[in-house]
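With my numbering applied, the sequence shown covers 21 to 398.
Backbone N, C-alpha and C define an ideal beta-carbon position, used for all residues, glycine too.
Heads up, the thing below is written out as structure tokens.
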Amino acid sequence: MRTVWTVPQNIAQILLESPEIQMFLTSNELPDTAADPRRRLAEFTHALAALARHTGRTFGSVDAANRELFGGSAGTVPVALRLAVLREIVTDVDDRTPTPDPLPATVVEQLGAYVYALVDPRDHTVLHVGQGRGNRLFVLTWTALGEDHKLAAGGEAAPAQTPETDAAVRRIRAVYDSGYSVGHYVVADRVAPAVDADHAAGFTAQALVSVLGLLEPHDGEIVLTNLVGATEESDRVARPVEELIRQYSAEAAPELPTPCVVLRITEAKSASAEQVRGLADRPWPAGASARRIDGLPILVVADNIVRGAYRATGWEAASRTEDNGGTILYRFLGDADPELEKLFVDTRLTPDRLGLKRWPSHGWAPRLTRALPHRPRP
21 MRTVWTVPQN
31 IAQILLESPE
41 IQMFLTSNEL
51 PDTAADPRRR
61 LAEFTHALAA
71 LARHTGRTFG
81 SVDAANRELF
91 GGSAGTVPVA
101 LRLAVLREIV
111 TDVDDRTPTP
121 DPLPATVVEQ
131 LGAYVYALVD
141 PRDHTVLHVG
151 QGRGNRLFVL
161 TWTALGEDHK
171 LAAGGEAAPA
181 QTPETDAAVR
191 RIRAVYDSGY
201 SVGHYVVADR
211 VAPAVDADHA
221 AGFTAQALVS
231 VLGLLEPHDG
241 EIVLTNLVGA
251 TEESDRVARP
261 VEELIRQYSA
271 EAAPELPTPC
281 VVLRITEAKS
291 ASAEQVRGLA
301 DRPWPAGASA
311 RRIDGLPILV
321 VADNIVRGAY
331 RATGWEAASR
341 TEDNGGTILY
351 RFLGDADPEL
361 EKLFVDTRLT
371 PDRLGLKRWP
381 SHGWAPRLTR
391 ALPHRPRP
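Here is the structure:
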């Protein structure tokens, strides 16, 4: 374990909720502080601005943090305030989180040429964008941490020293020194030669949207209008490499049981098993024929990977839609089914397996008979 001082992204909220900071702002009895509360507020505002300029930075000693943030002993921030701030941003971290292993050969083959982005999780900023094949997206991370054995195992070499790569290596090293790990995202994969100028322009625009999507505030309000209505399966969203490994390494799902229902839930992509069941608890347009089937198998899919498998033991009315006079929506009762989980979870299931071109927007995809949509019965 090591002790570090890291300025988090929500530093203003943390300080305003700190009893020490509240005491500094409101009490006139603290030693070596200004008697005028307006001056103390101005000092706090000055300190907050200094911290904002260093959001995401990590310091290995209290002296380094004090010097960089507040100008050391010559700084204008009072001692009581700087000590209170430094106590709020100190933390103990593990020696280092592990870096990614080289990609499996099957994944390398399916990725082809790709564009990637490296994300600093401390302030959720994109620290580097590059392109390549194979394990190229890990090269800067392995280089920053001196993992030559992974470079060799991945068939890669350390990059040439340039101001650009040196800056990226320093930033990556700081991320891992602070107890975090760099996010590796694929912006576009299987990149093919441009057919014409319009195709090239469209690809460039799409790659920009994918990268800018990583900078979204993630508080439910979308800033980039290109992402309005986007799903996790959409090419408009950059994907973490761990998810692509899961997708490209997955075996095809076995023959689906008949009857069954597939629920497409995009949020299940990064959810735990318990969270997947919670997401599946939303209301669905289950018709009477589905609700009459005892023990109906239900599979949850996100990004064409099965994330959960259940058996419905009952149904309860949950809500009513506003269109066409109102359709009653139902919530299914039932727990995970071990046999179905063993067969289907982490396998690849695409909509064509149910005779569909794409997953329905409402997410409900029943297969109650062997007759596929748009195909006449034999």
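- Taking the C-beta atoms as reference points, Y268 is found no nearer than 9 angstroms to Y205.
- When rounded, the separation of the alpha-carbon atoms in G175 and D121 is 12 angstroms.
- Among the bridge pairs identified by DSSP, V282 is matched with L319 and A385.
- Going by C-alpha positions, A212 is about 41 angstroms away from P303.
- V149: member of the beta strand (DSSP E) spanning T145 to G152, first to last residue.
- Taking a contact as a CB-CB distance under 8 angstroms, the pair R311 and V365 does not count as one, their CB atoms being some 24 angstroms apart.
- In the three-state reduction of the DSSP assignment, H204 falls in the strand class, which pools E and B.
- Annotation: the region 67-123 contains the following complete segments of the alpha helix (DSSP H) (minimum length 4 residues), in chain order: 82-90 and 99-109.
- Per DSSP, reduced to three states, the secondary structure at R193 is helical.
- The alpha-carbon separation between R156 and A227 amounts to approximately 18 angstroms.
- If you look at R311, you'll find it in the alpha helix (DSSP H) that goes A308 to R311.
- Here the alpha carbons of A178 and R340 stand approximately 59 angstroms from one another.
- Per DSSP, reduced to three states, the secondary structure at A227 is helical.
- The DSSP-derived three-state label of R373 is helix.
- Remark: C-beta atoms of V321 and L369 approach each other more closely than 9 angstroms.
- Annotation for Q29: T75, G76, R142, D143 and H144 place their beta carbon closer than 8 angstroms to its own, counting only its chain and skipping 5 residues before and after.
- For G203, the number of other beta carbons within 10 angstroms of its own is at least 16, and it is reported as buried.
- If you compare the alpha carbons of A329, V99, T161 and G222 with that of D52, the shortest gap goes to V99.
- Following the DSSP letters along the chain, one finds R297 inside the alpha helix (DSSP H) bounded by residues A293 to L299.
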